[in-house]
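Numbering (our numbering), first residue to last: 106 to 235. For glycine and all other residues, C-beta sits at the position ideal for the given N, C-alpha and C. Only a predicted model underlies this, so the values are computations on that prediction, with no experimental measurement involved. Below you'll find the structure, written out as structure tokens, and then a few comments.
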């Protein structure tokens with residue numbers, strides 16, 4: 106299966122609770138409301154900020170590779186929003202995660218773990234029992 110793997114264990118790189126996301130979900134096929142997309146982008150930015158400093162020029166193509174439809178202006182706005190909320194701090198052209206950002210990301214991971222166990226299960230058709 107040609108897919109991306111996402112760790113939903115709550116311990117990046119240490120867990121074994123993975124979901125497979127088919128690469129077939131390309132940018133043109135992955136349409137979601139802008140407000141929802143921005144929340145996902147923010148989560149991805151906090152995740153990447155754990156690994157390294159973020160820059161606008163590196164983030165845009167990386168987010169596009171993940172299937173987001175995003176312009177440079179939108180990436181910049183999300184980086185600035187995360188900075189205003191004290192989740193990231195700016196260092197010239199680069200952004201790094203703050204202690205508050207780390208704590209927020211841990212809380213997000215916990216909620217995503219619960220969410221994934223619920224919403225990734227097969228869904229029964231409406232009106233069926235069992």
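Per DSSP, reduced to three states, the secondary structure at residue 203 is coil, with no helix or strand assignment.
A residue is called buried once 16 or more other Cβ atoms fall within 10 Å of its Cβ, and residue 220, having fewer, is exposed.
When the alpha-carbon of residue 162 is set against those of 214, 218 and 177, the nearest one is in 177.
By the criterion of a C-beta distance shorter than 7 angstroms, residue 149 is surrounded in its chain by 168 and 171, once the five residues flanking it on both sides are discounted. DSSP places residue 225 in the coil class of the three-state scheme, outside both helix and strand. Within the region 138-211, the runs of alpha helix (DSSP H) at least 4 residues long that lie entirely inside it are, in chain order, 139-156, 161-170 and 177-189. Around the C-beta of residue 224, fewer than 16 other C-beta atoms lie within 10 Å, and the residue is accordingly described as exposed. For residue 230, the three-state secondary structure derived from DSSP is coil. Exposed is the label assigned to residue 198, since fewer than 16 other Cβ atoms lie within 10 Å of its Cβ. As the crow flies, the alpha-carbon of residue 229 is around 40 angstroms from that of residue 202. Straight through space, the alpha carbons of residue 147 and residue 137 are spaced by roughly 15 angstroms.
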